[in-house]
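K.L.:
All residue numbers for the sequence shown refer to this note's numbering, where the first residue is 852 and numbers rise by one. In this text, a Cβ means the ideal position worked out from N, Cα and C, and glycines have one as well.
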Amino acid sequence: MALIKCPTLILSGTEDIKQLERLGLSKLENRHLIAQAIPQAKLLEIEGGTICMMNQMPEEISRVVVDFLDEVS
């Protein structure tokens with residue numbers, strides 16, 4: 852992951868994490884480790900977000916992505 856040189860946005864939904872942890876498939880710490888491994892990564896946790904958060908809350912996700920792009924351009 853250290854080879855990734857461009858700014859990277861990592862979105863994580865809080866409800867997604869709860870479900871994945873409950874199933875033993877992933878842990879919140881994994882997302883933090885990924886973000887730390889990518890030099891220009893920004894990790895944002897979306898309150899109430901699930902694996903389908905792009906469909907669940909499209910306006911909020913669009914705003915977050917546009918804000919990130921404005922920030923890095």
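1) With burial defined as no fewer than 16 other Cβ atoms inside 10 Å of the residue's Cβ, what is the status of residue 867: buried or exposed?
2) Which stretch, first to last residue, makes up the alpha helix (DSSP H) that contains residue 889?
3) Just the C-alpha distance for residue 924 and residue 861, rounded to the nearest angstrom, thanks.
4) Can you tell me where the alpha helix (DSSP H) holding residue 860 begins and where it ends?
5) Kindly identify the DSSP beta-bridge partner or partners of residue 893.
6) DSSP state of residue 898, grouped into three classes?
P.N.:
Judging by the given coordinates:
1) As a first step, residue 867 is located in the sequence shown; it is residue number 16 there, counting from the start. Buried is the call here.
2) Residue numbering aside, residue 889 sits at position 38 when the sequence shown is read from its first letter. Secondary structure note for residue 889: it is in no alpha helix (DSSP H), with a DSSP letter that is neither H nor E.
3) For the purposes of this step, residue 924 is taken as residue 73 along the sequence shown, with counting starting at 1. For the purposes of this step, residue 861 is taken as residue 10 along the sequence shown, with counting starting at 1. Between residue 924 and residue 861, the C-alpha separation is close to 17 Å.
4) Taking the first residue of the sequence shown as 1, we reach residue 860 at position 9. Following the DSSP letters along the chain, one finds residue 860 in no alpha helix (DSSP H) but inside the beta strand (DSSP E) bounded by residues 859-864.
5) For the purposes of this step, residue 893 is taken as residue 42 along the sequence shown, with counting starting at 1. In DSSP, residue 893 forms a bridge with 860.
6) As a first step, residue 898 must be located in the sequence shown, where it is residue number 47. In the structure shown, residue 898 sits in coil (DSSP, three-state: anything other than H, G, I, E or B).
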